[in-house]
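Chemist:
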Amino acid sequence: MRKFIALALTYAIVQVLIMTNVISGYFQATLVTVCINIILAVSLNLITGFTGQFSLGHAGFMSVGAYVCALVTMRISTIPGFILGVISGAIAAAILGGLVGLPTLRLRGDYLAIATLGMSEIVRIIFLNMEITNGAAGLNGIPQFINWTWLFIFTAGTVLFLANFVKSAHGRACISIREDEIAAEAMGIDTIRYKVIAFIIGAFCAGIAGAVYSSYFYFLKPDLFGFLKSVDVLVIVVLGGLGSMSGSILAAILLALISTYLQSFPEIRMVLYSLILVIIMIFRPQGLMGSKEISLSVFNKLGRNKLWNITKSRKGGL
Amino acid sequence: MPILSVEKVTKSFGGLAAVSNVSLDLVEGELVGLIGPNGAGKTTLFNLLTGIYMPDTGTISLSVDNERIPLKGLRPHSICQKGLARTFQNIRLFKDLTVLENVLIAMHQNIKYGLLTSFLHLPAYKREEGKLVEESIELLRIFDLDKKKDEFAKNLPYGEQRHLEIIRALATNPKLLLLDEPAAGMNPAETANLMDVIGWIREKFDLTILLIEHDMTLVMNICERIYVLDYGMVIASGTPEEVRTNKRVIEAYLGEDVGNA
């Protein structure tokens, strides 16, 4: 119950800030980017952090969601059309995830990373050459439906569902694969099935992120979903901590803040950004949160003057 | 009908026959030892039984409820689901998870809720998880590990890690339990305790047990029958007394002072 109150509060506060124009147009765009990155990072964390499958294909799944949603909403420019677009985008990405996952998830580590990277590039090239996606010029004038309410529903929904999932028996099965695949098999867990499940769920959420992207920024071109986009997401996941949902959220927000702040130093912006990443990784190689989660029981302890109550992962609520 | 029957199983790696033409039978309820010098192929045989390796030739079959199930070609997880569980010689716990989580994962077959419930934490989630946790703690009591349920598996002392491996195998609800050197690295007192517990779990869970062990006190004391492997072949089998006095066994491995062990 507590987490729903916290979520409602977050929603209300930001909504008020937007209505009073404290969060202006420019910051709204940042807010959307942060939320998209949160969706991308928690879903990649399920694949890489929790299930232990090194994937570099997240941009590919995102692009499928983005293009499918854009194509649907451009034809049906209504709210139901938009919802249909998001759902079909996510499902298309999930199908791609399953198709790619089944043959490649027998690979491990670096090999899987290269295979997923290849998949992502193939998807990009396909979009670059298709008539319906308007090739390199991209799609323009996609109807904009995303506002803070929708953004919040998709972001909070994804985070809640995934956080619930990793705390369930099915989520534990995924975690056991990361811990020791042979032991997991020997304990009766169908490791291939669960790897594919994690992949499909991750791809589905990445598809949602893509759909949100296309519907807010109303412009798509294949270049947006290159290799670097996948790496960006991976950076957030590693920085936040592999196997920590709250870590991914924290890192997505932190990186956006750093990035925004650094706009004042355009010439050396990327140098500083990289430098900050290097420094954080030197001092926190396990990521900001390791595999721990921030728990909302923090509110119980406020009276006792404890601000953070960091409990072991999967035990506290999110 | 034997619960496990292995017929003429051979497995080669390159030119080396790690297991060659091995046949053995386990009758339901038996406690059988598998011994042999290092490199004799004992663990390879376990890996063949549990589906980690596939035999080159020969058949392996498990009989559960009068039904004969060929195991060859099944993946390890389905062999486990058929009722054959194991522990590992080089402990393979989920080290960064808690003791309780290790057992919960092994209870995977007992989950009665689907993916949708996982996402939404529907009422079935709380009910089923509560049941699983209760059952897991019950199992942990066997080795007094219930007090340590929230510790990370990697922080347990070595002996308790071995105990947890056994509990985790039991959590899969097996008919046949394969123990790979359960007493390795334990002191005599711990080994004595382990012997008692192995006997006790066999009664309590209606198990048939096949164990690999180098500790001859343990093997000679609790096993009803023993198979001896050397260079991948069964060189002797029989009661502890028969094996102890078998010439080939003494030559191959046990040495002459085994009679005093």
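Residue numbers (the working numbering), protein chains in the order written: chain A, 22 to 339; chain B, 20 to 280. Each residue gets a CB set at the ideal place from its N, CA and C atoms; glycine is no exception.
Should A/Leu298 and A/Leu260 be called a contact, given that it needs their Cβ atoms to be closer than 8 Å?
Modeler: Taking the first sequence and counting its residues from 1, the one referred to as residue 298 of chain A is at position 277. Taking the first sequence and counting its residues from 1, the one referred to as residue 260 of chain A is at position 239. Cβ distance < 8 Å, so A/Leu298 and A/Leu260 count as in contact.
Chemist: Please report how far the alpha carbon of A/Ala87 lies from the alpha carbon of A/Leu245, in whole angstroms.
Modeler: Position 66 of the first sequence, counted from the first residue, corresponds to residue 87 of chain A. Position 224 of the first sequence, counted from the first residue, corresponds to residue 245 of chain A. Approximately 11 Å between the Cα atoms of the pair.
Chemist: Secondary structure at B/Ala59, three-state DSSP: helix, strand or coil?
Modeler: As a first step, residue 59 of chain B must be located in the second sequence, where it is residue number 40. Coil.
Chemist: With DSSP as the reference, label B/Asn40 as helix, strand or coil.
Modeler: Residue 40 of chain B sits at position 21 when you count from the first residue of the second sequence. B/Asn40: strand per DSSP, three-state reduction.
Chemist: Ordered along the chain, which non-local residues of its own chain (more than five positions away) have a Cβ less than 6 Å from that of B/Arg87?
Modeler: Indexing the second sequence from 1 puts residue 87 of chain B at position 68. Excluding residues within five positions, the ones whose Cβ falls inside 6 Å are Ser80.
Chemist: Report the rounded CA-to-CA distance for A/Lys242 versus A/Cys90, giving the unit in angstroms.
Modeler: Start at 1 with the first residue of the first sequence, and residue 242 of chain A comes out as number 221. Start at 1 with the first residue of the first sequence, and residue 90 of chain A comes out as number 69. In a straight line, the C-alpha of A/Lys242 is about 14 Å away from that of A/Cys90.
Chemist: Give me the Cα-Cα distance between B/Val262 and B/Leu53, rounded to the nearest whole angstrom.
Modeler: Along the second sequence, read from residue 1 onward, the residue named residue 262 of chain B stands at position 243. Along the second sequence, read from residue 1 onward, the residue named residue 53 of chain B stands at position 34. Looking at the two C-alpha atoms, the distance is approximately 11 Å.
Chemist: Have a look at A/Glu152 and A/Ala227 and give me their C-alpha separation to the nearest angstrom.
Modeler: Start at 1 with the first residue of the first sequence, and residue 152 of chain A comes out as number 131. Start at 1 with the first residue of the first sequence, and residue 227 of chain A comes out as number 206. Near 24 Å, if we compare the C-alpha coordinates of A/Ala227 and A/Glu152.
Chemist: Does B/Glu270 come out as helix, strand or coil in the three-state DSSP assignment?
Modeler: Translated into the one-based positions of the second sequence, residue 270 of chain B becomes position 251. In this structure, B/Glu270 counts as helix in the three-state DSSP scheme.
Chemist: Count the other C-beta atoms from every protein chain shown that fall within 10 angstroms of the C-beta of B/Asn174, then say buried if there are 16 or more, exposed otherwise.
Modeler: Here residue 174 of chain B is taken as the residue at index 155 of the second sequence, counted from 1. Classification of B/Asn174: exposed, given that the 10 Å Cβ count is below 16.
Chemist: In whole angstroms, what separates the C-alpha of A/Met83 from that of A/Gly130?
Modeler: Position 62 of the first sequence, counting from 1, holds the residue named residue 83 of chain A. Position 109 of the first sequence, counting from 1, holds the residue named residue 130 of chain A. Roughly 22 Å separates the two Cα atoms.
Chemist: Can you check whether the CB of A/Leu293 is closer than 8 Å to the CB of A/Gln233?
Modeler: Locating residue 233 of chain A in the first sequence gives position 212, counting from the first residue. Locating residue 293 of chain A in the first sequence gives position 272, counting from the first residue. Residue identity differs from the one stated: residue 233 of chain A is Val in this sequence, not Gln. It is not a contact, given that the beta carbons lie outside the stated cut-off.
Chemist: Find the nearest neighbour of A/Ile68 within the set A/Thr137, A/Ile100, A/Thr54, A/Gln36, judged by alpha-carbon distance.
Modeler: Here residue 68 of chain A corresponds to residue number 47 of the first sequence, with the count starting at 1. Sorting A/Thr137, A/Ile100, A/Thr54, A/Gln36 by C-alpha distance to the C-alpha of A/Ile68 places A/Thr137 at the top.
Chemist: Can you pull the chain B neighbours of A/Ile210, defined as C-beta to C-beta under 8 Å?
Modeler: Working through the first sequence from its first residue, we reach residue 210 of chain A at position 189. Neighbours of A/Ile210 on chain B, chain order: His96, Ile124, His127.
Chemist: Return no unless some Cβ of chain A is closer than 8 Å to the Cβ of B/Gln100.
Modeler: By one-based count along the second sequence, residue 100 of chain B stands at place 81. By this cut-off, B/Gln100 is an interface position.
Chemist: Quick one: is B/Phe113 near chain A, going by C-beta distance under 8 Å?
Modeler: Taking the first residue of the second sequence as 1, we reach residue 113 of chain B at position 94. Interface residue, yes.
Chemist: Specify the secondary structure class of B/Met252 as computed by DSSP and reduced to three states.
Modeler: For the purposes of this step, residue 252 of chain B is identified with residue 233 of the second sequence, where counting begins at 1. If DSSP states are grouped into helix, strand and coil, B/Met252 belongs with the strands.
Chemist: So which residues on chain A does B/Thr191 lean against when the C-beta distance must stay under 9 Å?
Modeler: As a working mapping, residue 191 of chain B is identified with position 172 in the second sequence. In chain order: Ala207, Met208, Gly209.
Chemist: Do you know how far the Cα of A/Asn58 is from the Cα of A/Gly81?
Modeler: As a first step, residue 81 of chain A must be located in the first sequence, where it is residue number 60. As a first step, residue 58 of chain A must be located in the first sequence, where it is residue number 37. Rounded to whole angstroms, A/Gly81 to A/Asn58 spans 15 Å at the Cα level.
Chemist: Please identify the residue among B/Glu170, B/Gln128, B/Ala188, B/Thr78 whose C-alpha is closest to the C-alpha of B/Arg111.
Modeler: For the purposes of this step, residue 111 of chain B is taken as the residue at position 92 of the second sequence. Comparing Cα-Cα distances from B/Arg111 to each of B/Glu170, B/Gln128, B/Ala188, B/Thr78, the minimum goes to B/Ala188.
Chemist: Expressed to the nearest angstrom, what Euclidean distance is found between the alpha-carbon atoms of B/Gly60 and B/Asp249?
Modeler: Translated into positions along the second sequence, residue 60 of chain B becomes position 41. Translated into positions along the second sequence, residue 249 of chain B becomes position 230. If I take the Cα positions, the gap works out to 7 Å.
Chemist: For A/Ser269 and chain B, any beta-carbon pair shorter than 8 Å?
Modeler: As a first step, residue 269 of chain A must be located in the first sequence, where it is residue number 248. No - not a single Cβ of chain B is within 8 Å of the one on A/Ser269.
Chemist: Give the C-beta separation of A/Ser236 and A/Phe166 to the nearest angstrom, bearing in mind that I take them to be a contact with Cβ-Cβ under 8 Å.
Modeler: Locating residue 236 of chain A in the first sequence gives position 215, where the first residue counts as 1. Locating residue 166 of chain A in the first sequence gives position 145, where the first residue counts as 1. With 8 Å as the limit, A/Ser236 and A/Phe166 qualify as a contact, their Cβ atoms being about 5 Å apart.
Chemist: Return the bridge partner residues of B/Pro89 from the DSSP annotation.
Modeler: Numbered from 1 along the second sequence, position 70 holds the residue referred to as residue 89 of chain B. Answer is B/Ser80, bridged to B/Pro89.
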